[in-house]
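A.B. asks:
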Amino acid sequence: MARKDDEHGADDAYEHSGKSASPWRSRLITVVLGLLALALGFLIPYVAYLNHQVTERFGNLQWQVPTRVYARPLPLAPGQALDADTLKTELDAASYQDDGTGELPGTYARSGNRFTISNRGFTDVDHIIPPMRLQVVLSNGTVLGVRDVRRGRNITSARLDPARIATLYGKSQEDRRLVQLEDVPELLVTGLQAVEDRDFATHHGIDLSGMARAAWEFVRSGGQVRQGASTLTQQLARSGLLGIGREQTLTRKFNEILYALILEARYDKRTILEAYFNQVYWGQRGGQAVHGVAAASEFWFGRDLDSLSTEQVALLIGIVKGPSYYDPRRHPERAKERRDLALRRMLATTLIDKKEFDRASAAPLEVTRDPGLNAANRFPAYVDLVRRQLAHDYPEGALRGAGLTVMTGMSPSAQAYAEGAVKHTLGQLEKGKRPPLQAGLVVTDVHNGDVLAVVGNRHVTEPGFNRAVEAQRQVGSLIKPFVYLLALAQPDTWSLASWVEDAPITVPLGRGKSWSPDNSDNRSHGRVRLIDALAHSYNQATVRVGLKVDPQRVADVLKVLAGIQAAPNPALILGATDQSPYAMAQAYQFLASGGQIQPLHAVRGVIDAQGRVLNRYDKTPAAAQEGDSIAAHLVTVALQDVVTEGTGRQLLSDGLGRLSPAGKTGTSNDGRDSWFAGYTGDHLAVIWMGNDQNKETGLYGATGAMRVWAGIFSRLPSAPLQVSSKGLDYAWVADSAATDASCPGARRFPFVAGHAPAYADCQQYTLPSDGDTDGGGGGWRRWFGLPPKKDEEPPPAHSLPTPSPNQSPL
9 MARKDDEHGA DDAYEHSGKS ASPWRSRLIT VVLGLLALAL GFLIPYVAYL
59 NHQVTERFGN LQWQVPTRVY ARPLPLAPGQ ALDADTLKTE LDAASYQDDG
109 TGELPGTYAR SGNRFTISNR GFTDVDHIIP PMRLQVVLSN GTVLGVRDVR
159 RGRNITSARL DPARIATLYG KSQEDRRLVQ LEDVPELLVT GLQAVEDRDF
209 ATHHGIDLSG MARAAWEFVR SGGQVRQGAS TLTQQLARSG LLGIGREQTL
259 TRKFNEILYA LILEARYDKR TILEAYFNQV YWGQRGGQAV HGVAAASEFW
309 FGRDLDSLST EQVALLIGIV KGPSYYDPRR HPERAKERRD LALRRMLATT
359 LIDKKEFDRA SAAPLEVTRD PGLNAANRFP AYVDLVRRQL AHDYPEGALR
409 GAGLTVMTGM SPSAQAYAEG AVKHTLGQLE KGKRPPLQAG LVVTDVHNGD
459 VLAVVGNRHV TEPGFNRAVE AQRQVGSLIK PFVYLLALAQ PDTWSLASWV
509 EDAPITVPLG RGKSWSPDNS DNRSHGRVRL IDALAHSYNQ ATVRVGLKVD
559 PQRVADVLKV LAGIQAAPNP ALILGATDQS PYAMAQAYQF LASGGQIQPL
609 HAVRGVIDAQ GRVLNRYDKT PAAAQEGDSI AAHLVTVALQ DVVTEGTGRQ
659 LLSDGLGRLS PAGKTGTSND GRDSWFAGYT GDHLAVIWMG NDQNKETGLY
709 GATGAMRVWA GIFSRLPSAP LQVSSKGLDY AWVADSAATD ASCPGARRFP
759 FVAGHAPAYA DCQQYTLPSD GDTDGGGGGW RRWFGLPPKK DEEPPPAHSL
809 PTPSPNQSPL
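Residue numbering for the sequence shown follows our numbering, beginning at 9 and increasing consecutively.
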């Protein structure tokens with residue numbers, strides 16, 4: 009009975025428990041189903057929303073690619089002025105690396121004055137320059153020879169790919185160059201998967217086993233993230249392309265997983281990988297984010313993708329896990345450890361063999377010391393000029409993020425030497441009791457009008473007011489060569505040997521006013537040669553010449569040559585006009601080029617993303633007309649005398665006589681502005697120095713601006729200035745007659761062919777007549793808008809172009 013009762017009790021207990029459990033189960037199932045329905049009700053529309061985001065942001069695969077601004081390609085040709093230090097400066101600017109062999113693109117090797125250089129190949133404004141391995145031999149400051157190493161032959165010219173000097177971004181500060189998957193080295197594609205996502209080819213966006221391991225580590229560590237489980241697809245989802253942040257939260261992770269699943273469902277693996285290599289974040293330079301593997305390769309190694317070594321591929325793979333944490337410039341130990349881990353994975357998956365693993369593991373990191381020129385805008389004054397010149401054809405918004413390539417005329421070495429000369433000279437001059445000094449300068453190529461360097465601020469990297477272009481300061485004696493240019497255009501009246509009175513003069517201005525200029529030394533020098541009046545910058549003699557040629561003609565020639573608008577009053581003869589260094593460089597380009605009208609240009613051309621040239625601005629200028637050329641050469645001879653005999657004599661003490669330079673100092677009447685314009689056989693530089701508050705500096709042209717010019721040309725390789733004798737006759741002259749070289753006091757002068765004075769021996773020549781007398785002028789008078797003599801033959805056509813109403817030096 010007891011047993012039966014026990015069994016019965018058990019049955020009762022079973023029945024009782026079953027009756028009480030059934031409602032509990034029912035409620036649990038109801039709650040679970042309700043929550044599931046609620047979740048699905050939320051999840052389905054949320055997934056639909058995310059799917060729409062993928063369509064909008066990822067489906068079109070459109071990125072804003074910044075417009076890149078490049079310096080000019082470095083030309084190399086036998087006979088070119090170039091020294092080893094300058095060549096190295098150019099190579100460093102273009103992120104070339106001295107690897108001892110110069111075999112890979114973007115590398116070089118140096119042995120004394122012999123360089124072996126492998127250029128990367130690039131698209132220039134005239135044609136595509138292929139990669140080449142060059143041997144360049146230098147001797148005595150010039151290129152002795154250039155050799156194509158692979159073909160084993162000497163060549164007459166070559167070009168090295170240029171340095172990037174600025175980046176014009178779109179809405180975001182992201183540096184990027186788009187690539188197709190086939191452009192990415194196979195080792196980088198397979199190695200990335202071996203290290204970051206071994207199951208990429210088979211999973212559907214997420215790695216469940218990896219997520220489980222990461223979750224367990226998260227719980228075990230008390231909420232610390234110790235192990236990641238993100239697939240490449242998840243990394244792409246959080247790269248910024250789909251608007252997911254990088255913060256470590258459950259919401260972000262949830263969105264990342266959903267996005268990854270949607271991406272894998274909608275797109276093939278190739279599309280996802282290509283997007284990854286174009287989008288993922290790989291580093292930071294100030295406010296500039298580096299996205300995509302092509303930009304990363306340039307940023308870290310200064311190389312294109314196809315020239316990366318195994319160890320560099322492994323380092324890129326390692327960096328992507330945490331570009332800040334594994335930054336090889338700041339944390340080389342961490343970066344090497346991560347790189348070596350990538351190499352071990354590549355060895356384990358047979359992507360490399362043991363020999364290559366040992367070699368790559370022993371190699372240094374090989375990152376560039378500083379990505380400097382990849383910065384957004386290292387040269388604000390130069391890039392400001394680039395923007396101004398492009399504004400004629402491209403609105404500002406059309407450049408930003410447009411993926412264009414802007415090829416400029418900048419010479420990184422000339423820019424570096426100009427910046428260094430400004431900083432050093434101003435620092436030295438301010439040791440005296442002077443107000444804070446500022447400077448603006450422009451350096452050009454006298455052969456083609458390229459603007460090689462611009463400095464608009466003594467603090468060269470600071471943007472803002474560009475004194476090279478915007479500063480309007482009184483130019484003083486820099487105008488005088490153009491007064492003499494007009495005089496020498498009348499060879500029947502004037503020559504460099506002509507006499508002119510440097511004596512007090514009073515010029516009536518009307519309304520009872522007059523003007524009586526003094527010389528800077530407060531002395532008059534009597535009867536002087538024309539060449540000496542210019543060389544010594546005598547004001548009184550220059551005013552006499554200027555009044556004869558007419559201030560209106562001075563104003564006209566300045567307008568034609570440089571677009572300068574100047575009031576045609578007598579004071580213009582001595583430089584009473586406010587102009588910028590850029591405007592004066594444009595005017596002096598006529599003299600430095602030997603009489604060519606050469607519009608200055610910072611931009612050589614614009615190339616689109618497909619390599620098509622959209623615009624060119626470096627068109628070859630028309631050859632100089634004979635009359636223009638002769639006049640410019642005569643003035644140049646006089647300006648060489650400025651250096652050898654006149655106000656620029658200090659340049660000889662600086663050791664720059666080897667360049668036979670021509671130049672002109674300029675000082676405003678109140679000592680507020682110091683100027684110097686000077687040129688060699690290759691380069692022109694115009695420098696202004698002064699004070700932003702327009703205070704007196706106590707500086708003359710020779711003691712201020714010319715010091716900067718000397719600092720530049722003491723380092724910048726440049727050919728000596730040789731004046732062509734075409735159209736000129738040279739004669740020894742005593743007083744006003746040609747004579748023998750042995751005659752006492754005889755000096756040798758160039759004359760326009762056919763206009764040298766008649767010969768007389770030392771006892772027979774007559775005393776000179778005043779060089780101020782009026783005379784003829786032949787066709788030269790018409791070229792500069794002067795009326796011809798009576799009974800003169802019809803003059804040739806005007807050789808200087810009439811300025812267009814829309815013409816602008818910018």
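Glycine residues also receive a C-beta, built at the ideal position from the N, C-alpha and C atoms.
If we call anything under 8 Å between Cβ atoms a contact, is Thr705 one with Arg442?
C.D. replies: Along the sequence shown, read from residue 1 onward, the residue named residue 705 stands at position 697. Along the sequence shown, read from residue 1 onward, the residue named residue 442 stands at position 434. Taking 8 Å as the Cβ cut-off, Thr705 and Arg442 qualify as a contacting pair.
A.B. asks: Going by beta carbon distance, what residues of the same chain come within less than 7 Å of Leu434, once the five residues before and after it are set aside?
C.D. replies: Taking the sequence shown and counting its residues from 1, one reaches residue 434 at position 426. The answer, listed in chain order, is Leu445, Ala447 and Arg466.
A.B. asks: Does the Cβ-Cβ distance between Tyr492 and Val565 come in under 8 Å?
C.D. replies: Stepping through the sequence shown from its first residue, residue 492 is reached at position 484. Stepping through the sequence shown from its first residue, residue 565 is reached at position 557. Result no, Cβ atoms of Tyr492 and Val565 do not sit closer than 8 Å.
A.B. asks: Taking all protein chains shown into account, decide if Gly583 is buried (16 or more other Cβ within 10 angstroms of its Cβ) or exposed.
C.D. replies: What you label residue 583 is simply residue 575 of the sequence shown in a count that begins at 1. Gly583 comes out buried.
A.B. asks: Could you say which of Glu111, Asp743 and Val557 lies nearest to Leu316 if we only look at CA atoms?
C.D. replies: For the purposes of this step, residue 316 is taken as the residue at position 308 of the sequence shown. Comparing Cα positions, the closest option is Glu111.
A.B. asks: Let me check understanding here. Comparing Cα to Cα, which of Leu359, Tyr78 and Val450 lies closest to Ala685?
C.D. replies: Position 677 of the sequence shown, counted from the start, is the residue given in the question as residue 685. Nearest of Leu359, Tyr78 and Val450 to Ala685, Cα basis: Val450.
A.B. asks: I want to know whether the segment 656-664 touches the segment 740-758 - three or more CB-CB distances under 8 Å.
C.D. replies: The segment 656-664, when compared against the segment 740-758, does not touch it at the 8 Å Cβ threshold.
A.B. asks: Can you tell me the Cα-Cα spacing of Gly484 and Ala511, whole angstroms?
C.D. replies: In the sequence shown, counting from the first residue as 1, residue 484 sits at position 476. In the sequence shown, counting from the first residue as 1, residue 511 sits at position 503. For Gly484 and Ala511, the distance between alpha carbons rounds to 19 Å.
A.B. asks: Count the other C-beta atoms from every protein chain shown that fall within 10 angstroms of the C-beta of Asp616, then say buried if there are 16 or more, exposed otherwise.
C.D. replies: Sequence index remark: in the sequence shown, residue 616 carries index 608 (1-based). So Asp616 ends up on the exposed side.
A.B. asks: Specify the secondary structure class of Asp681 as computed by DSSP and reduced to three states.
C.D. replies: Indexing the sequence shown from 1 puts residue 681 at position 673. Reduced to three states, the DSSP call for Asp681 is strand.
A.B. asks: Any idea if Tyr116 is buried or exposed, counting beta-carbon neighbours within 10 angstroms, 16 or more meaning buried?
C.D. replies: Taking the sequence shown and counting its residues from 1, one reaches residue 116 at position 108. Buried, because 16 or more other Cβ atoms sit within 10 Å of the Cβ of Tyr116.
A.B. asks: Apart from the five residues just before and just after Leu82, which ones in its own chain have a Cβ nearer than 6 Å to its Cβ?
C.D. replies: In the sequence shown, the residue the question calls residue 82 occupies position 74. Same-chain partners within the cutoff: Glu98 and Leu168.
A.B. asks: Are at least three pairs of beta-carbons, each pair with one atom in the segment 606-620 and one in the segment 406-426, less than 8 Å apart?
C.D. replies: Judged by Cβ distances under 8 Å, the segment 606-620 makes contact with the segment 406-426, as three or more pairs qualify.
A.B. asks: Would you be able to state if there are at least three C-beta pairs under 8 Å between the segment 676-684 and the segment 695-709?
C.D. replies: Contact between the segment 695-709 and the segment 676-684 is present, because at least three Cβ pairs lie under 8 Å.
A.B. asks: So, is Asp401 buried or exposed, given that buried needs 16 or more other C-beta atoms within 10 angstroms?
C.D. replies: Looking up residue 401 in the sequence shown gives position 393. When all chains shown are included, Asp401 counts as exposed.
A.B. asks: Tell me the DSSP bridge mates of Pro758?
C.D. replies: By 1-based counting over the sequence shown, the position of residue 758 is 750. In the DSSP output, where bridge partners are listed per residue, Pro758 has Tyr738.
A.B. asks: Using three-state DSSP, classify Arg338 as helix, strand or coil.
C.D. replies: Mapped onto the sequence shown, residue 338 falls at position 330. Of the three classes helix, strand and coil, the one that applies to Arg338 here is coil, per DSSP.
A.B. asks: Between the beta-carbon of Leu195 and the beta-carbon of Val144, is there less than 8 Å?
C.D. replies: Sequence index remark: in the sequence shown, residue 195 carries index 187 (1-based). Sequence index remark: in the sequence shown, residue 144 carries index 136 (1-based). No, these two residues do not count as a Cβ contact at 8 Å.
A.B. asks: Buried or exposed: where does Thr688 fall if 16 or more other Cβ atoms within 10 Å of its Cβ makes it buried?
C.D. replies: Against the sequence shown, residue 688 aligns to sequence position 680. Flag for Thr688 reads buried.
A.B. asks: Figure out for me which residue from Ser661, Ile605 and Ala410 has the closest Cα to the Cα of Ala570.
C.D. replies: Stepping through the sequence shown from its first residue, residue 570 is reached at position 562. Of the candidates Ser661, Ile605 and Ala410, the one whose C-alpha sits nearest the C-alpha of Ala570 is Ile605.
A.B. asks: I'd like the list of long-range same chain contacts for Thr844, defined as Cβ closer than 6 Å, with 5 residues on each side in sequence excluded.
C.D. replies: A query on residue 844 cannot be resolved here, the shown segment of the chain reaching from 9 to 818 and no further.
A.B. asks: How close, in whole Å, do the beta carbons of Ala322 and Asp335 come, if the pair is a contact with beta carbons under 8 Å?
C.D. replies: By one-based count along the sequence shown, residue 322 stands at place 314. By one-based count along the sequence shown, residue 335 stands at place 327. With a Cβ gap of about 16 Å, Ala322 and Asp335 do not count as contacting.
A.B. asks: Any idea what DSSP makes of Gly199, helix, strand or coil?
C.D. replies: Residue mapping note: residue 199 aligns to position 191 of the sequence shown, counting from 1. Helix at Gly199.
A.B. asks: Check for me: the alpha helix (DSSP H) holding Tyr425 runs from which residue to which?
C.D. replies: Along the sequence shown, read from residue 1 onward, the residue named residue 425 stands at position 417. Its alpha helix (DSSP H) spans residues Pro420 to Leu437.
A.B. asks: Considering just the uninterrupted stretch of the alpha helix (DSSP H) at Leu244, what are its terminal residues?
C.D. replies: Residue mapping note: residue 244 aligns to position 236 of the sequence shown, counting from 1. Segment Leu240 to Ala245, the alpha helix (DSSP H) holding Leu244.
A.B. asks: Nearest-angstrom Cα distance between Val463 and Ala389?
C.D. replies: The sequence position of residue 463 within the sequence shown is 455, counting from 1. The sequence position of residue 389 within the sequence shown is 381, counting from 1. Roughly 6 Å separates the two Cα atoms.
A.B. asks: Could you tell me whether the segment 633-643 touches the segment 727-734, using the rule of 3 or more Cβ pairs below 8 Å?
C.D. replies: The segment 633-643 is in contact with the segment 727-734.
A.B. asks: If distances are taken between C-alpha atoms only, which option among Ile327, Ala350 and Leu351 comes closest to Pro340?
C.D. replies: As a position in the sequence shown, residue 340 is number 332, starting the count at 1. It is Ile327.
A.B. asks: Less than 8 Å between the beta carbons of Tyr289 and Leu244, yes or no?
C.D. replies: Counting from 1 along the sequence shown, the entry for residue 289 is found at position 281. Counting from 1 along the sequence shown, the entry for residue 244 is found at position 236. No. Outside cutoff.
A.B. asks: Taking three-plus beta-carbon pairs below 8 Å as touching, is the segment 586-606 in contact with the segment 451-460?
C.D. replies: Contact holds: three or more Cβ-Cβ distances are below 8 Å.
A.B. asks: Are there 16 or more other CB atoms within 10 angstroms of the CB of Asp119, so buried, or fewer, so exposed?
C.D. replies: To locate residue 119, count along the sequence shown from 1; it is residue 111. Note on residue identity: the sequence assigns Ser, not Asp, to residue 119. The residue is exposed, with fewer than 16 neighbouring Cβ atoms inside 10 Å.
A.B. asks: What residue range does the beta strand (DSSP E) around His299 cover?
C.D. replies: On the sequence shown, position 291 is the one that residue 299 refers to. From DSSP, the beta strand (DSSP E) with His299 extends over Gln296 to His299.
A.B. asks: Less than 8 Å between the C-beta atoms of Tyr596 and Leu692, yes or no?
C.D. replies: On the sequence shown, residue 596 is found 588 positions in, with the first residue counted as 1. On the sequence shown, residue 692 is found 684 positions in, with the first residue counted as 1. It is a contact, given that the beta carbons lie within the stated cut-off.
A.B. asks: Going by the CB atoms, is the gap between Arg346 and Lys329 shorter than 8 Å?
C.D. replies: Locating residue 329 in the sequence shown gives position 321, counting from the first residue. Locating residue 346 in the sequence shown gives position 338, counting from the first residue. Yes. Within cutoff.
A.B. asks: Give every residue of the same chain whose Cβ lies closer than 8 Å to the Cβ of Arg122, excluding the five residues on either side of it in the sequence, and list them in chain order.
C.D. replies: Numbered from its first residue, the sequence shown carries residue 122 at position 114. Gln143, Val144, Val145 and Leu146, listed in sequence order.
A.B. asks: Give the DSSP-derived three-state secondary structure of Phe473 in the structure shown.
C.D. replies: For the purposes of this step, residue 473 is taken as residue 465 along the sequence shown, with counting starting at 1. It is coil, neither helix nor strand.
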